[in-house]
Amino acid sequence: MSTLQGKIKWYNGKKGYGFIERDDKEKDAFVHASAVKAAGMRYLNEGDKLEFTLEDGPKGPSAVNLKKID
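Quick note, the sequence shown lines up with residues 307 to 376 if you use our numbering.
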């Protein structure tokens, strides 16, 4: 799997999910709270820049292996 980059389009901690706007301009990537927790993060803010990989989820590609970047 290749590493992708993007920024948080929106994230709702209460709902437990959000979306990443990908730098490669492909379809936005779904991000679930479990991936945020697995990365040792508590929350994602709009505009946060991330590196991530995609894995197939029940509703399409889901971002995993999250890492904040500058």
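Where a beta carbon is used, it is the ideal one built from N, C-alpha and C, also for glycine.
Just so it is clear, the structure is predicted and the values come from calculations on it, not from any experiment.
Between which residues of its own chain and Tyr317 is the CB-CB distance below 6 angstroms, once the five residues before and five after are set aside?
Gly324, Leu350
Would you kindly work out how many angstroms separate the C-alpha atoms of Val319 and Ile375, rounded to a whole number?
First, the amino acid is wrong: residue 319 is Gly here, not Val. If you take the alpha carbons of Gly319 and Ile375, they lie about 20 angstroms apart.
Can you grab the Cα-Cα spacing for the pair Lys355 / Ser368, in whole Å?
16 angstroms
Going along the chain, which residues of its own chain have a beta-carbon closer than 8 angstroms to the beta-carbon of Glu361, five neighbours each way excluded?
Met307, Pro367, Ser368, Val370
Round the Cβ separation of Glu352 and Ile326 to the nearest angstrom and send it over; I've been treating them as touching at under 8 angstroms.
Glu352 to Ile326, Cβ: 11 angstroms. No contact.
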